[in-house]
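Worksheet: one structure, shown below.
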Amino acid sequence: MKIIGQQWVFDLKHNIDSSIEKFKAHLIAYGDKQQLGIDCADKYAPTASLMLLRLVLETTVLKGWQIASFDVSGAYLYSPVNECVLVEPPIAFLPELCGKVLHLKKALYGMKQAGRCWWKFLSNILECLGFFATEVDQSLYIFHNWMPIIAIWIHIDDGVIRSNSLAAVSNFKTALCAELDIKW
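Counted the way our numbering counts, the sequence shown spans residues 244 to 427.
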């Protein structure tokens, strides 16, 4: 098993008028140093198709259903890592950790398995809320309890929710926001 490095990436988020809205910093792992089968068992995570999104949007409009979109902030950082991943600490900010190694409990962006960890974590949340992944596409989740019907199209950390009930959409938003930091 390798000890993988990490790096701080700094960025600015700008307003429409080009003024600075906020400063951003991301700690990323050097996942390119990981070897599949040695440093991580699997990296597969389904990715939703745009064709499915078009179908979801078209049927939503035709039926006159409710629709909302969302983005999960820092999605991968919620995801537990089920493997032993060792990283060098960011000593520029924590010099007292020089010469030490950290054992990750949560995924970092850049890790080969980060997408899979996130997908499994989100799937578990949705299943606990009563959703199931469809056989046709593992990125489409359905909640059907007679009425209402809710469908969620997931593409990594973005989603589109549609339902025949405004109350169901509101309840889902509340339940998901209790688990994750969501931008609607």
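For glycine and all other residues, C-beta sits at the position ideal for the given N, C-alpha and C.
Inset, instruction - Could you tell me how far apart the beta carbons of V330 and Q249 are, in whole angstroms, since I believe they sit closer than 8 Å? - result: 5 Å
Inset, instruction - Look up L279 in the DSSP assignment and say whether it is helix, strand or coil. - result: strand
Inset, instruction - Name the two residues that bound the continuous beta strand (DSSP E) containing F415. - result: From DSSP, F415 is part of no beta strand (DSSP E) but of the alpha helix (DSSP H) over L409 to C420.
Inset, instruction - Evaluate S261 with the Cβ neighbour count: other Cβ atoms within 10 Å of its Cβ, from every protein chain shown; 16 or more gives buried, anything less gives exposed. - result: exposed
Inset, instruction - Could you work out which residue in R405, K265 and M244 is closest to D469 when comparing CA atoms only? - result: Not covered by the structure: residue 469. The range shown for the chain is 244 to 427.
Inset, instruction - Can you have a look at F336 and say buried or exposed, based on whether 16 or more other CB atoms are within 10 angstroms of its CB? - result: exposed
Inset, instruction - For F415, count neighbouring C-beta atoms within 10 Å of its own C-beta (all shown protein chains included) and say buried if the count is 16 or more, exposed if not. - result: buried
Inset, instruction - Give me whichever residues DSSP pairs with V252 in a beta bridge. - result: H269
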